[in-house]
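The listed protein sequences derive, respectively, from chains A and B. Quick note: the working numbering has the first sequence finishing at residue 146, numbered continuously throughout. Quick note: the working numbering has the second sequence finishing at residue 114, numbered continuously throughout. Below is one structure; the comments refer to it alone.
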Amino acid sequence: MSPPAAWSQPWTSTRPPERVFAAVSTPEVAQWWGSAETYRIEHWSMDLRPGGEWRSEGTTADDRKFIVRGTVLEVNPPWLLVHSWTYDWDRGGTTTVRWEVELLGPSASRLTVRQWGLGADAAGCEGHARGWESVLGSLTTHLER
Amino acid sequence: MSRIAAHQDVFRAIADPTRRALLDRLRGGSAPVHALAAEFSQSRPAISKHLRVLRMAHLVREQRRGKERHYALEPMPLQRVAGWIEGYRAFWLRNLDQLKAHLERP
């Protein structure tokens, strides 16, 4: 797997894996995702099996409607969810998001989220041919030197 | 999130490993084309072509010194792309902070 173009810091919780997985894979997402300053989700659904559709609709802070959607690619509750993420801004590009939940101890979990494919559409053929994710990964390293 | 289209030329430019290596080399200081070409296994025309792609993306600037063409790094476009990437990282961090607050509310 090539390095992701954007990824989270390791995130841990005192809640068990099943609780964490439910919070990221059911309409409960609408309760914590976004904020009054950015946008609010008004409708969220996910058909939690390979090929299932997911959809998130809402309103931004400046009153524009948005839709993000995708397809579930892999799922193994409560440990793994992989889905595409297509957004209706920035040329409607498609990325892949991978959520991995691990058990750390009695009632403690770690969640790692990774996203691949940012900017690939803008890079065109060169981006796909050359491994776009590794390009952005090495750019990040290059800039942090 | 900022528009990907604004960075398109930069993305295409840095999608090539030789061009990234040229940018790395120019971080150490500007250089004439013949010196740059000497440091790479590719032919001089191939290096010139790569430098032209970098120049069109405003990642490097060309300066004529007599008969020689020198190239120098222009840091702003890469910094803007870095800012765009950082936007996605911040996006995830912010939302995961909110997930934690939601799950661990007393």
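Note that CB positions come from ideal geometry on N, CA and C, so glycine has one too.
Candidates A:42, A:20, A:15, of which the one nearest residue 70 of chain A by Cα
A:42
Partners in chain B for residue 15 of chain A, counting only beta-carbon separations shorter than 7 angstroms:
112
Ignoring anything shorter than 3 residues or poking outside the region 24 to 79 of chain A, list the beta strand (DSSP E) runs there in chain order.
40 to 47, 54 to 61, 66 to 77
Leaving out five residues on either side along the sequence, give the residues of the same chain with a beta carbon under 6 angstroms from the beta carbon of residue 95 of chain A.
85, 87
Candidates A:15, A:19, A:64, of which the one nearest residue 78 of chain A by Cα
A:19
Look up residue 58 of chain B in the DSSP assignment and say whether it is helix, strand or coil.
helix
Presumed contact (8 angstroms Cβ cut-off) between residue 59 of chain B and residue 86 of chain B, rounded CB distance:
About 16 angstroms separates the two Cβ atoms, so there is no contact after all.
Using 10 angstroms around the beta-carbon of residue 24 of chain A, count the other beta-carbons present and answer buried if the total reaches 16, otherwise exposed.
buried
Provide the residue span of the alpha helix (DSSP H) that contains residue 43 of chain B, from first to last.
41 to 46
Any C-beta of chain A under 8 angstroms from that of residue 59 of chain B:
no
Since residue 103 of chain A sits in a beta bridge, which residues does DSSP pair it with?
A:111
One question on the structure: do residue 78 of chain B and residue 51 of chain B come within less than 8 angstroms of each other, judged by their Cβ atoms?
no
So which residues on chain B does residue 21 of chain A lean against when the C-beta distance must stay under 9 angstroms?
107, 111
How far does the beta strand (DSSP E) with residue 70 of chain B in it reach, from first residue to last?
68 to 73
Using a Cβ cut-off of 7 angstroms, which residues of the region 78 to 100 of chain B contact any Cβ in chain A, in chain order?
86, 89, 90, 93, 96, 97, 100
Among the candidates A:36, A:46, A:47, whose CA atom is the shortest distance from the CA of residue 61 of chain A?
A:36
Taking just the CA atoms, how far does residue 47 of chain A sit from residue 117 of chain A?
20 angstroms
So which of A:74, A:40, A:66, A:58 has the shortest CA-CA distance to residue 52 of chain A?
A:74
Does the beta-carbon of residue 42 of chain B have 16 or more other beta-carbons within 10 angstroms, so that it is buried, or is it exposed?
exposed
Reducing DSSP to helix, strand and coil, say where residue 23 of chain B ends up.
coil
Inter-residue CB distance, residue 81 of chain B and residue 44 of chain B (contact presumed, cutoff 8 angstroms)
12 angstroms between Cβ atoms; not a contact.
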